[in-house]
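Protein chains in written order, with my numbering: chain P, 9 to 243; chain Z, 9 to 243.
Just so you know, even glycine gets a beta-carbon here, dropped at the ideal spot from N, CA and C.
Quick caveat, the model's predicted, so the values are computed rather than measured.
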DNA sequence: AAAATAGTGTCTCTGAGACACTATTAA
DNA sequence: TTAATAGTGTCTCAGAGACACTATTTT
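Printed below as a string of structure tokens:
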């Protein structure tokens, strides 16, 4: 037997992005308005087809740069999962792999090739909107993944523009989890976790009130023991 | 503007399976010997191309049935992640989505279409072998995922043929984690976690020693609080 | 009785939650 | 001084690890 040839390829693959940030204490997601059919004009997650010779990660970072101008060094994308329902794209068979990014207050989005408009939308509002394709499901899955990630990793700090205060970091948790945290227990937790945050020695002076110590992200990536939400079940 | 047509599809997609089980106290993975080029005769993970009109999950369960005779009701497959390096398959552009399954002592594997031989291999041995494609990387990722899953879910019980004893369940943790656990603390943990295991009222009589109470899997899927390994970091 | 395995009790230490209290700034 | 925000201290409780001890079976 000689070299086996593959049957003619029949599936297209996209990498779609769920880019989350916290703005004014509220969790936002980057959405575009679709500039082409199908779902012309509908809000959707940014993303696009994987090209020949390109990895999924490569495609995801390329889309990220096109939509936001952010480069791979600025932010980390994490693969979430694949969506493969045969009817999910009316143009034909398309499988999508979703990528999750968590960022600090990001530069204003740049309208990309396929995007009539790219903008930050509060996630609650985005979930109440009719999104293109199955993007609502993708967004929900990524949200839950992001929430879980805060429990076990130091990812919350990537939401903060450096330098940041302990309260800034706490506000991230509160925005992502939609839950108030005890300031004093939160401080104890993050300051006792080696490598989570490192003090700069500087302070930030608010309009009123005691100034707060400033920190930068530390080298730790895992939170051991975890910092758990109180109320959640995920199956 | 009318309906946009997609450029000609250029990517093939496979669903590959990492099926784990515990046999004689050791973690095993199901491998096949490839019956076709490339990598003819090399051990590999079972898997195959996704067909038209089929979801990834559908393809994964179809492959599972072909290799082991197990049906969707018998075992749960969980999507892990996608592998997309352009050069990973010499036949052309192939993206693979890996699925993880945890099962009790499974029926002897059935040699499938593409498989010259399917058999259980201890994972340590499998990792020391030259596997086809990038299957070693996939196997390592799935292993770490399985280990982490035991910490936060009741998945370990799916490794046990019902009914099982507390010691049986502990042996699963010990095999998957490669780590001894204190029998008495382990018992306290699993019996105090509501819905993890439910007593049948029956007992099993070993060749020698006190008989052990028998249990079946309970309705809980999450372990709250988690049952953590002592020594592990995962980035 | 001895060997073997199952199962209980208990001590200690860590860390989370609740929350009272102190500190430092601007107005 | 007051308002506002940052930060500390402390009490209690849940749960993990260590490990001594008891229970029930076969030989």
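- Taking 8 Å as the upper bound for CB-CB distance, residue 41 of chain P and residue 54 of chain P are not in contact here, some 11 Å apart.
- By the neighbour-count criterion, in which 16 or more other beta carbons inside 10 Å mark a residue as buried, residue 61 of chain P falls on the exposed side.
- Chain-order list of chain P residues neighbouring residue 171 of chain Z: empty, with the shortest C-beta distance near 24 Å, by a criterion of under 8 Å.
- Excluding the 5 residues flanking it on each side, residue 210 of chain Z has same chain C-beta neighbours closer than 7 Å at 171 and 222, in chain order.
- The distance from the Cβ of residue 36 of chain P to that of residue 130 of chain P is about 6 Å, consistent with a contact at the 8 Å cut-off.
- Taking a cut-off of 8 Å on C-beta distances, the region 144–153 of chain P does not touch the region 62–76 of chain P, as fewer than three cross pairs fall below it.
- The beta-carbon separation of residue 157 of chain P and residue 165 of chain P, rounded to 12 Å, does not stay under the 8 Å limit for a contact.
- Around the beta carbon of residue 232 of chain Z, fewer than 16 other beta carbons sit within 10 angstroms, so the residue counts as exposed.
- Taking a C-beta cut-off of 9 Å against chain Z, none of the residues of the region 182–203 of chain P qualify.
- Contact between residue 110 of chain P and residue 28 of chain P holds, since their C-beta atoms are separated by about 5 Å, short of 8 Å.
- In this structure residue 177 of chain P is in contact with residue 198 of chain P, their Cβ atoms being roughly 6 Å apart against a cut-off of 8 Å.
- Taking the Cα positions, residue 204 of chain P is about 32 Å away from residue 133 of chain P.
- Leaving aside the five residues that flank residue 79 of chain P on each side, the residues in its chain whose CB is nearer than 7 Å to its CB run, in chain order, 73.
- Residue 91 of chain Z has Z:104 as its beta-bridge partners, per DSSP.
- In the structure shown, residue 209 of chain Z adopts extended strand secondary structure according to DSSP, grouped into three states.
- In the structure shown, residue 191 of chain P adopts helical secondary structure according to DSSP, grouped into three states.
- For residue 34 of chain Z, DSSP records a beta bridge to Z:31.
- Uninterrupted beta strand (DSSP E) stretches at least 3 residues long and entirely within the region 212–236 of chain Z occur at 220–225, given in chain order.
- The C-beta of residue 92 of chain Z has 16 or more other C-beta atoms within 10 Å across all chains shown, which makes the residue buried.
- About 10 Å separates the beta carbon of residue 103 of chain P from that of residue 23 of chain P, a gap too long to meet the 8 Å contact definition.
- No Cβ-Cβ contact shorter than 8 Å links residue 68 of chain P with residue 59 of chain P.
- Apart from the 5 residues on each side of it in sequence, residue 179 of chain Z sits with its Cβ closer than 6 Å to the Cβ of 33 in its chain, given in chain order.
- Non-local beta-carbon contacts of residue 86 of chain Z in its own chain, meaning distances under 7 Å to residues more than five positions away in sequence, involve 107 and 108 in chain order.
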